[in-house]
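Worksheet: one structure, shown below.
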Amino acid sequence: MVNGTPQTSTTASLSKKERKRQAKAAATSAAAGKTPNGTPHETPKVKEHQQTPSVRNRKSDVQQGIAHKSEASVTKTREEEGLASQQHSTLAKPKSKNKKKSTSLYSMISMGPRFLRQDPVFTADEKHVILSDDKSLKVYEVETSTLAQSISKPSPFISAYALSASNTNQVYTASASGLISLWDWTLGKIIGRWDVGAHVRSISVVKDPATNMDLVFTHETSSRHNVINVHALRTREQGAPTELKEIYKRKRSNISGFQVLLSGKIVVVSVDKSILVGTRSESHKSALQEYVYVWREFQTSMRVTAFDAYVRTPSNPEGKASATKSRDHLDLVVGDQEGAILWFEDILASFARLEKSRKEGARSNTDLDMLRPKRLHWHREAVASVKWSRDGNYLISGGTETVLVLWQLSTGKQQHLPHLTAEIENIVTSPSGALYLVKLANTSVIALSTTELKPKMNIVGIQAQRVETGKISPQRDPEHDRTTLAKKVPMVVDPKDHNQVLFTVPSSQPSNEQGGDLHEPYLQTFGIARQQPLSSQALTRNNATDPNMAPDGKRIKEPDVQFMQISNDGRWLATVEEWMPPRADTDYLDEGLPDSYEKELLARREIYIKFWRWDEKNSQWVLESRIDFPQTHKNTAEYLKTPVQDLIADLSSPGFATVGQDHTVRIWRPKKTKDRSVTWFLKRSIEVPCNVGRPRFKWEVQWNCRLAMSSDGSLMAVGVSDGEFGVIHLINAFTGEIIHHVTTLNLAQISYLGIIHRHLIVAKPDGVSLYDVGKYENTPVERSGTIGELDASLVRFAINHETRTFAIAYPKWSSDNRIVGSTISIFDHSNPKPRWESTHPHFIRALCSTNGYEGYVALDSTGTLIVIRREASDLQITASYPDLRRRQMVDSSSSEPVSSSEEIEEAGEEHTGTEAIDTLATGDGLLPENDKPVVTAEQLAEAVGAGLPSHALPPVQDMFDAVFRLYSRKPRVSQQGS
């Protein structure tokens, strides 16, 4: 039995003629776009360019039967079981019924992006916290801060979520397309799904007292209206009809938020500069269609940014009747954009008093002063969130000041928790009131105890900067060349652990800021295998514990990390940072002469290259050396402090190289000092000419320089261009001698350079060129679609030296000159046709290779990491399936014992990684056909991590090595008669 499917015969028992006939039939079905059962294949979204036929496609009928499943049964299985775990690889797992066959060479897996700007949700037992991004719902354990469950999106773009009021194991999700889904978050199973036909922006769920079932309040938008509806969403098992009731509609102003209290008896709505309080006029009626609300509205002088309502229970002497027993006591707090908090005590009584004082039938807008609110003011800027404590004695507020403020209402005293890592966006109190949940603007969530304000949980997401791609211009903008919205994000993969990605991030980015020009002084390390951040540290000076506001009210900007590379052994990290004082702070230097002002401004610019050593004990990068102005050049009588324009790492030994606007290459190496410490020094400086093939040379021209180095560290390429002319110099890295000039290509703009084997790869805005340095021949690379005029800074490029491939990403433009995504292509170093190509719906801001296995990692404008990797080991793993079937069938009659997992590991230690792949490709070391090891289904399942949740799966390379060890080991033969 294989994967739970009974087999009646072995591959060996089939005749040669029969096997050929079945293989031919399977090939014919595949060519017709059908599986062997006649079900059409799903059309892949990824475009594949395969040059030559491969053994990968020569599968027997048994392999086809194992690999292919009916699409209809797949869809049914997913809908019934609600399985939403993300597939991490194409390795086959036992009993996998929802696996679709993909014919793509590579697969793309997304991780992230940032959490939604919505209050996180506590579960009823306070053991879990539910968060969501626009792609999936995530459940975290409070005690361990780990991801316990991830529920993939039922439809595009999740916009809101809320816990069920009738069953705390269920959660609702809503999407921008109008789809509302009900999930069992403990099992990841879908229960119901409804299409409301409108963009749902937020939801709130209460229990219907009459039926003890959920009522879902939704804020829905269209092109003309903002509506609040009440839905009675019912499944077939509940045996009740689904109903809808509209309770509020507004034509012009946008609804910024709403809150439902007392099972829907009171609804509070925030609209721009006003607050509306709705109360049910006939609360004794239980039918949904009889829900009628009376709305009362008051205006505020500033825009409302946060609010929270609290129903207070009146305290009455025991045994004494109360005249106000049936009246609800509603307290309301409102935060505005100026930082003030307005506290309204018993606002329903205030409304009643004002209405009584007016003439009967007269209606007018209620003035703010008529309600007599109390004013609390500490925040300098807008209040991002304000919440009541569970007992109603405290207010908790936060904003851009990175300070959590607790207001004791009875005494007026304040308590502050300062120096949080970023601005506060959301605050939530737990059901019992024992914890405060604080969501910060750097995609982190912390849980604090209410008594000691000590952290009990810390969840961190991908903190990469978000960019509004609509603001990116396709043409070069000289005024913002260094601060363009499309600035590349420094990102590398750790050679010590290919599952760790390092990239720079800003200190924070509130949800209402689109970003693009934020400086990135921090380093975040993200684990691909775990799908969660591993660490974060500062690379430049920052304002984590200092006020981040200047006297004029503007935010103080930290230095920005421009480049980052890691050494070949993963022990050294090099970063280049730059900082320039804001123009607003240097106005006193402006004497009316533009040239003089620019010189004064550049003289105050700071440029550093830093070398960091990996501290294994403390698991962090430690600064070893800092070199100021690494590209200083003497021009006539003055020194020019030119910026660094490129940084690369030596792939053969610890070392780095930089190049700047001074068109000088500098090679940096480490050395030991007398006290056995390590310092970095300038090993060699190589000045390259810019006037090769050009009659005149001017220093005033803004030169753009790029660097590349061969994998053995012997050859360097330096590209110099000025927008009209360019040249590439090939340099002997050992001697510094320029051995060749490349001027035959169109090098007006050079985006990236790379060297693979004997080919020089030149990435430009108008395409890619493969230049054979041995034959001095150029081969243009094919690309689908048109490029047009493009800024060189919008291209992304990476090389995988292990597989001799390179990847390039170009932006896709709409007819109105807006970026609508990116096209990513992967090429062989010697073939102008792409071996794989795909489109991504967002702009790619960073691209790097894994180098440990065949794959790449990208970072897009939404802060999402995309792992692009080979659909690994199709050839090696699937080629073993017929043998696995035969071994399992004859296992009962074989006297050969089955090896344990420990023995498998010992037998496979000598073949791992690329050595194992080479051995498998050549056939050396493989056993004869009749002397192959026995592998059970349990051993294969353990090797590929069957049964593990998606976030706990091992890396693809580890799974391949484990499977390879199963089939490459020598079989254990019982010794008789020694």
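The opening position of the sequence shown corresponds to residue 383 in this note's numbering, with each subsequent residue numbered one higher.
Glycine included, C-beta positions come from ideal geometry on N, C-alpha and C.
Item to check | Alpha-carbon to alpha-carbon, Leu884 and Asp654 | outcome: In this structure, the straight-line span from the alpha carbon of Asp654 to that of Leu884 is close to 41 Å.
Next on the checklist: DSSP three-state label for Thr380, please.
Outcome noted: Not covered by the structure: residue 380. The range shown for the chain is 383 to 1360.
Next on the checklist: Going by C-alpha to C-alpha distance, which of Tyr675, Leu670, Phe726 and Glu720 sits closest to Tyr692?
Outcome noted: Comparing Cα positions, the closest option is Phe726.
Next on the checklist: From the DSSP secondary-structure annotation, give me the bridge partner or partners of Leu1005.
Outcome noted: Bridge partners of Leu1005: Trp994.
Checklist entry - Buried or exposed: where does Phe680 fall if 16 or more other Cβ atoms within 10 Å of its Cβ makes it buried? => result Per the 10 Å Cβ criterion, buried.
Checklist entry - Where does the unbroken beta strand (DSSP E) through Ser1204 begin, and where does it stop? => result Counting along the chain, the beta strand (DSSP E) containing Ser1204 begins and ends at Ile1201 to Asp1210.
Next on the checklist: Tell me which residues share the same chain as Thr957 and place their Cβ nearer than 6 Å to its Cβ, disregarding the 5 neighbours each side in the sequence.
Outcome noted: Here the set comprises Leu921, Val943, Met946 and Lys992.
Checklist entry - Can you tell me the Cα-Cα spacing of Lys870 and His901, whole angstroms? => result Going by the C-alpha atoms only, they are around 12 Å apart.
Checklist entry - How about the segment 641-660 and the segment 616-625: do they share at least three Cβ pairs that are nearer than 8 Å? => result Taking a cut-off of 8 Å on C-beta distances, the segment 641-660 does not touch the segment 616-625, as fewer than three cross pairs fall below it.
Checklist entry - Under the three-state reduction of DSSP, which class applies to Gly646: helix, strand or coil? => result Annotated three-state conformation of Gly646 is helix, per DSSP.
Checklist entry - Among residues of its own chain, excluding the 5 on either side of Lys836, which ones have a beta-carbon nearer than 8 Å to its beta-carbon? => result If you ignore the 5 residues before and after Lys836, its C-beta comes within less than 8 Å of the C-beta of Leu830, all in its own chain and listed in chain order.
Item to check | Simplified DSSP assignment, three categories, for Ala544 | outcome: The answer is strand: DSSP assigns Ala544 an E or B state.
Checklist entry - DSSP three-state call for Arg1347: helix, strand or coil? => result The answer is helix: DSSP assigns Arg1347 an H, G or I state.
Item to check | First through last residue of the alpha helix (DSSP H) which encompasses Arg735 | outcome: For Arg735, the enclosing alpha helix (DSSP H) begins and ends at Ile729 to Ser739.
Item to check | Unbroken beta strand (DSSP E) run spanning Cys1072, endpoints | outcome: Counting along the chain, Cys1072 falls outside any beta strand (DSSP E), and DSSP gives it neither H nor E.
Item to check | Nonlocal neighbours in the same chain, by C-beta distance under 6 Å from Ala1090, ignoring five residues either side | outcome: Sequence-distant Cβ neighbours of Ala1090 in its own chain, meaning closer than 6 Å and more than five residues away, are Ala1099, Leu1135, Gly1136 and Ile1137.
Checklist entry - In chain order, what residues of the same chain have a beta carbon less than 7 Å from the beta carbon of Gly1156, not counting five sequence neighbours either side? => result Result list for Gly1156: Arg1140, in chain order.
Checklist entry - So, using beta-carbon positions, are His1183 and Leu1033 closer together than 8 Å? => result The answer is yes: Cβ separation under 8 Å.
Next on the checklist: Is it buried or exposed, Lys504, if we count other Cβ atoms within 10 angstroms and call 16 or more buried?
Outcome noted: Sequence check: residue 504 is Phe here, not Lys. Only buried fits Phe504, as 16 or more other CB atoms lie within 10 angstroms of its CB.
Checklist entry - With DSSP run on the structure shown, which of helix, strand or coil describes Tyr1235? => result Residue state, collapsed to three classes: coil.
Item to check | Cα-Cα separation, Trp1085 to His1123 | outcome: Rounded to the nearest angstrom, the gap between the Cα atoms of Trp1085 and His1123 is 17 Å.
Next on the checklist: Suppose only complete runs of 3+ residues qualify. What are the beta strand (DSSP E) ranges in the segment 784-837, listed by chain order?
Outcome noted: Entirely contained in the segment 784-837, the beta strand (DSSP E) runs reaching 3 residues are, in chain order, 786-790, 796-799, 806-811, 817-822 and 826-831.
Checklist entry - Under three-state DSSP, which class holds Asp951? => result In the structure shown, Asp951 falls within a coil segment according to DSSP collapsed to helix, strand and coil.
Checklist entry - For Asn775 versus Leu791, is the C-beta distance shorter than 8 Å? => result Going by C-beta atoms, Asn775 is nearer than 8 Å to Leu791.
Checklist entry - Is Asp1028 helix, strand or coil by DSSP? => result Correct three-state label for Asp1028: strand.
Item to check | Spatial neighbours of Thr1232 in its chain, beta-carbon cut-off 6 Å, leaving aside the 5 residues before and after | outcome: Beyond the five residues adjoining it in sequence on each side, Thr1232 comes within less than 6 Å, by CB distance, of Val875 and His880 in the same chain, given in chain order.
Next on the checklist: Please report the straight-line C-alpha distance between Leu783 and Thr825, rounded to a whole angstrom.
Outcome noted: The sequence given here places Glu at residue 783; Leu does not occur at that position. Those two C-alpha atoms are separated by around 16 Å.
Checklist entry - How would you label Tyr1238, buried or exposed, when you count the other beta carbons within 10 angstroms and need 16 or more for buried? => result Burial call: buried.
Checklist entry - Which residues in the same chain as Ile729 place their Cβ atom closer than 6 Å to its Cβ, once the five residues preceding and following it in sequence are excluded? => result A distance below 6 Å between beta-carbons, with the five flanking residues on each side excluded, links Ile729 to the following residues of its chain, in chain order: Leu712 and Leu714.
Next on the checklist: For Glu508, which residues in the same chain have their Cβ closer than 8 Å to its Cβ, ignoring the five residues on either side in sequence?
Outcome noted: Excluding sequence neighbours, Glu508 sits near Val524, Ser812, Pro813, Ser814, Ala816 and Leu817.
Item to check | Paired residues, beta bridge with Ile533 - DSSP | outcome: Looking at the DSSP assignment, Ile533 forms a beta bridge with Leu519.
Item to check | CB-CB length for Pro1216 against Ser1204, believed under 8 Å | outcome: Not really, about 14 Å apart at Cβ, beyond 8 Å.
Next on the checklist: Just verifying my parser: in three-state terms, what is the DSSP assignment at Leu1129?
Outcome noted: Leu1129 falls in the coil class under three-state DSSP.
Item to check | Expected contact under 8 Å - CB spacing of Ser541 and Ser557 to nearest Å | outcome: Between Ser541 and Ser557 the beta-carbon gap is near 6 Å, inside 8 Å, which marks them as a contact.
Checklist entry - Closest to Val612 by CA distance: which of Ser604, Thr603, Glu602 and Glu628 is it? => result Nearest C-alpha to Val612 among Ser604, Thr603, Glu602 and Glu628: Glu628.
Next on the checklist: Taking 8 Å as the threshold (C-beta atoms), are Val686 and Ser739 in contact?
Outcome noted: Taking 8 Å as the Cβ cut-off, Ser739 and Val686 do not qualify as a contacting pair.
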